Structure formats: structure tokens, C-alpha cells
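If you count the sequence shown from 1, position 311 lands on 334 in this note's numbering, and the numbers rise without skipping.
Quick reminder that beta carbons are idealized off the backbone N, C-alpha and C, glycines included.
The model shown is predicted, which means the values in this text are computed figures rather than measured ones.
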Amino acid sequence: MPSRIMLSPGDIATLDLTDPRTHAEYDLSEVWRHLRKTQPFYWHPSVGGSPGFWVVSRHADVSEIYRDNKRFTSEKGNVLTTLLMGGDSAAGMMAAVTDGPRHSDIRKILLKAFSPRALEGVVDNIRQSTRALLLDAVAREECDFARDVAADIPLTAICDLMGVPAADRAKVLELTATALGNDGAAQSPAAAWQARNDILAYFGTLAEERRGNPGDDAVSVLATGTIEGRPLTMDEIVVNCYSLIIGGDETSRMSMTGGVLALVEHPAQWQALKSGEADIATAVDEILRWTTPALHFGRTALEDVPVGEQGQVIKAGDIVTLWNDSANMDEEVFEAPERFLLGRTPNKHLSFGYGPHFCLGAYLGRAEIAAMLTGLREVVASVELRGDTRRNYSNLLSGVTSLPVALRAE
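Now the structure itself:
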């Protein structure tokens, strides 16, 4: 698709951040810059009768609210669409939409599957499979990087982590794509709803099997986990499985594809990667900052909270949205944030969130991007665009869903 249209600060009055087209078709960088400087706590008016909501754009303010689960809760939902619809039915069951001791208890169960030691085998497989995918893409010369390479890496990793049988993985990929509408076009709400229910049903069946015959995978950890001596209910198990498969697949795919596009668009950084000048771990964090696959997360205020320097007050019950893509471009935190620099350090990006809900899969996500960069360095001499890219249509996930490229052998 052609480059996105740059919106100006004058467009703020008509800006609709709930509309997926706003994020797919327009460049909001000037809007975010203006809001950070003049209205860091901006009240977004109601759209179509749904509630209005706060838009928080500065890194410091976003970080502070991420940390503060005493005054801002995730339990009414943690993404804009759900919050506008009145709440999340998984609240109190899914770690992402649970706070306090309950959140800590669920998180402790999940950490058994997400520790670096537990992930050793998964990460080794990521490195091997990524290299194989890149060698295959080089042999074919032309490919769609988003679909032929980036789609497989996180899906393989999260399915390894969860013990999803190989025969079911294509089905899981198709369902997650439909559930989140990542096909680069407007998604049917009915199709997305059905896909979400199919994912829940699939993991319900798998969890029942693992209760009787557990392994060391994340589904088994949930299926056999207990809190205060009580096993998790099947509803608790399947909603956390859903959260893992959605979060672990889509965000990494967006970061990897967007990272390759950034390397094509910034030849000096490609050379820094190829020459070894760019440290892989540092480069991973810059790709995460630059791509920011999760545009926002949301909270609900539990009490009145004075904010900003303009005498504003967030009222109890107000929806508060935290915009990672703005925070990750904050000039007060990042020097020349508009530049893509693989050697950027420090790099305090918020792509994995912050505070109590910091992403459980951060280590795994970094390992996936690192494997891709290492593979590109070792087996690919050059990357060239071979057609128009296509962007995701979503107010939550940002990224490229189609990236036709030619990969030349080293």
C-alpha cells in the first residue's frame, strides 16, 4: 500500500482513535508530538454513543499508570474495544485482566513455563527453524516475508511452549489471524467472534487431555496448577491459553516484519547489522521500540486522580488509554526518536508494557527477533522490496501483514 497520510495537529478535533483505519492509513507522529507537548492527558470524545476516554501520550505518564494498579485497574478490560463495550468477561480469570494477589497467583503459575531455563529447548528450536526458513526464502529468492518467514517463527515458538501438536498448528494460525483481523483488511466482527470461540474450545479440549497426561508445556502447567490448593477452573485455563496464543503469535510477527522493513528503508542500519557493528540484543530493543506492535493498553480509574499541569482530574470509572507508540517516540526519553538506530542505548521502550503487567513473554519475544537478526546477518546478503506492503487494520495491533521481498544469498 502507499505511504500513510500524515495527519497534522489540526486534525486532532476529528481524530477517531477507535477506528482501525486511523492507524492503518494515517501517520500519527505529528499528532502524538503535539499531544505530548500540549495535551499529554487528552479527553477523546465519545464515538457513536460509546464512552469518551483519556488518551495518555507521554512516556513518564504512561509508565506511572502502568505501575499504579491501586488507582488504575485492568479488571474491567485492558484494551480499548473491550473497555468501550463495558468490560472483559475474563476479568479475574485471565492474568492480563486481573490485579492484586489473584494476578500474582496466576502469574506465578505461568512463570513456571516462561523462565529462561524452562524455555531453553524452545529457544534452541527457534534458532534452528528461523535459519531454515531464511535459507528456504533465499533459495526461492522472492517471498512474502510476513507470511513465509515471520508468520512461522512465533507460531512455532508459542506452539512449542504450549505443546500444540504439529498437525493443529496451521489451524491455530488461521484462527488467531481471524480473531485479530490481521489480514490487512476490515475484519468481520462475526468471523472474529467465531474464531475466538473456536480458540477457546480448542484449548479446552487440549487442557482436558493434559490434565490426565501432563507434560512440561504451558497448557499442562495451567491444567495442573493450583491456587491455595484449588485447581484452576477450565474457564481460567482456557482464557489464559487464549491470551498466550494471541499475545505470543501476533505481536512478535508484527515486530519481525516491521523490523525487516525498517532495515530495507535504512540501508546504513542494514550494513551495521551485517558488519557486526550492531549488537544483536541492542538491535532487538530498537526494533521493538520502532515497531511498537501493541499500540495501546487500557485501564479504568478506581478513584479521582489529578493529572498533568492543567488542573485535569481523571474521574473514578473513566477509561484511560496508554499509547505505547507515542511513549516510544517521546523526545524527553529518546534522543532523536524519529531515527531508527540499531545501536540505541539506553532504550527504555514500553513495547512490553511496564509494572505488574510487564509481558510474561518478553524473553521469548526477544529471542525470536534475535534469531531472525542473527539469521539475516549470517545467510542473507541483501533484502529488496518486490511490491507494495500491506498494513494491519486494528486499533490495538500495528504492523505489516504483507512484505514482498527478494532475499539474496550471502
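Just the C-alpha distance for residue i and residue j, rounded to the nearest angstrom, thanks.
i	j	result
residue 95	residue 111	15 Å
residue 207	residue 199	Because residue 207 carries a pLDDT of 49, less than 50, the predicted location of this residue cannot be relied on, and the following value inherits that uncertainty. About 14 Å.
residue 289	residue 160	21 Å
residue 299	residue 306	11 Å
residue 142	residue 127	21 Å
residue 43	residue 236	42 Å
residue 56	residue 369	21 Å
residue 239	residue 167	34 Å
residue 91	residue 105	20 Å
residue 227	residue 271	18 Å
residue 297	residue 408	18 Å
residue 216	residue 51	29 Å
residue 295	residue 405	13 Å
residue 428	residue 158	14 Å
residue 29	residue 395	31 Å
residue 99	residue 151	41 Å
residue 155	residue 132	33 Å
residue 137	residue 149	15 Å
residue 38	residue 354	22 Å
residue 60	residue 333	12 Å
residue 121	residue 79	21 Å
residue 180	residue 191	14 Å
residue 230	residue 257	8 Å
residue 360	residue 304	19 Å
residue 222	residue 33	42 Å
residue 292	residue 250	48 Å
residue 426	residue 219	26 Å
Report all residues from its chain with a CB closer than 6 Å to the CB of residue i; omit the five preceding and five following residues, and keep chain order.
i	result
residue 233	242, 243, 246
residue 367	309
residue 326	94, 339
residue 329	336
residue 58	65, 80
Sorted by chain position, which residues of the same chain lie with C-beta nearer than 7 Å to residue i's C-beta, five sequence neighbours on each side aside?
i	result
residue 31	53
residue 421	46, 277, 315, 316, 318, 348, 415
residue 117	262, 263, 266
residue 269	199, 202, 203
residue 371	356
residue 86	373, 377
residue 74	107, 342
residue 273	199, 203, 205, 420
With a threshold of 8 Å on Cβ separation, who are the neighbours of residue i within its own chain once the five nearest residues in sequence on each side are excluded?
i	result
residue 103	40, 41, 76, 319, 321, 342, 344, 418, 419
residue 123	92
residue 254	247, 248
residue 8	The structure shown has nothing for residue 8, since the chain only spans 24 to 433.
On a Cα-Cα basis, can you pick out the residue from the options that is closest to residue i?
i	options	result
residue 145	71, 169, 372, 177	177
residue 413	201, 220, 169	169
residue 36	26, 62, 150	62
residue 114	351, 107, 97, 130	97
residue 374	383, 351, 361	351
residue 196	364, 171, 211, 213	171
residue 71	185, 150, 108	108
residue 365	311, 323, 383	311
residue 225	260, 212, 213	260
residue 175	194, 153, 81	153
residue 26	363, 34, 334, 49	49
residue 402	379, 337, 275, 430	430
residue 139	424, 425, 386, 432	386
residue 424	279, 433, 129	279
residue 11	384, 293, 389, 219	No information on residue 11 is available, as it lies outside the stretch 24 to 433 that the chain covers here.
residue 398	376, 73, 67, 432	432
residue 101	66, 410, 400, 346	346
residue 183	147, 84, 34	147
residue 382	134, 64, 193, 214	134
residue 287	162, 410, 214, 130	410
Rounded C-beta distance between residue i and residue j? I'm assuming under 8 Å.
i	j	result
residue 252	residue 392	Not really, about 39 Å apart at Cβ, beyond 8 Å.
residue 275	residue 388	5 Å
residue 89	residue 376	6 Å
residue 285	residue 363	5 Å
Would you say residue i lies against chain C (beta-carbon separation less than 9 Å)?
i	result
residue 139	Of the chains in the structure shown, none is chain C; there is only one protein chain.
Using a threshold of 8 Å, is the CB atom of residue i nearer than that to any non-hydrogen atom of the ligand COA?
i	result
residue 63	Absence of the ligand COA is noted for the structure shown, with no ligands found whatsoever.
message: My parser needs the beta strand (DSSP E) runs of 3 or more residues fully inside the region 34-76; what are they?
response: 64-67
field: In chain order, each alpha helix (DSSP H) run of at least 4 residues that lies wholly inside the region 145-205
entry: 175-185, 192-203
query: Along the chain, which unbroken stretches of the alpha helix (DSSP H) at least 4 residues long are found entirely within the region 282-363?
result: 290-298, 303-314, 347-350
- prompt: Which runs of the beta strand (DSSP E), 3 residues or longer, sit entirely within the region 362-433?
  reply: 403-408, 423-425, 427-432
- request: Can you check the region 220-284 for any alpha helix (DSSP H) of at least 4 residues that lies completely inside it and give the ranges in chain order?
  value: Note on the region 220-284: whole alpha helix (DSSP H) runs with a minimum of 4 residues are 241-247, in chain order.
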